[in-house]
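Note that the working numbering has the sequence shown beginning at 403, numbered continuously upward.
Ideal Cβ positions, reconstructed from N, Cα and C, are used throughout, including at glycine.
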Amino acid sequence: MSRALRVAKRTKIAALTASLRTATVTERVAIRAQRAAILVELQAARLTRAQRVAIHSQTSAMRTALWARPTPARKKALRAAVARLSVQLHCRTALTSVPPVAGV
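Written out as structure tokens, the structure reads:
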């Protein structure tokens with residue numbers, strides 16, 4: 403899940419939380435369910451520890467390969483791969499979007 407999408411979901415959670423004060427009882431139930439669904443989606447989009455370790459080890463191996471004086475083309479390819487893995491480490495994959503709760 404991209405950083406912008408995570409921020410948008412956190413903002414949505416904050417807006418839902420703020421709307422709890424003025425909501426009726428039935429609306430509160432729906433708002434809480436929608437908040438819980440967004441929180442579950444955010445939690446599920448996180449990389450597992452094993453995935454993070456694998457990405458770190460790949461990145462480390464590529465950085466070590468850069469010390470072996472590769473050709474300029476190989477060096478460029480290794481740096482691009484390290485950058486791609488670093489981005490992958492900080493971006494998370496998302497589940498399919500949860501439909502909004504009716505009545506909210």
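Query, Result
"Expected contact under 8 Å - CB spacing of L487 and Q460 to nearest Å", "6 Å"
"Length of the line joining the Cα atoms of L444 and K411", "8 Å"
"Nearest-angstrom Cα separation, counted from T466 out to L480", "10 Å"
"CA-to-CA distance, Q490 to A449, given in whole angstroms", "Looking at the sequence itself, residue 449 is Leu, so the reference to Ala does not match. Cα to Cα, L449 sits roughly 10 Å from Q490."
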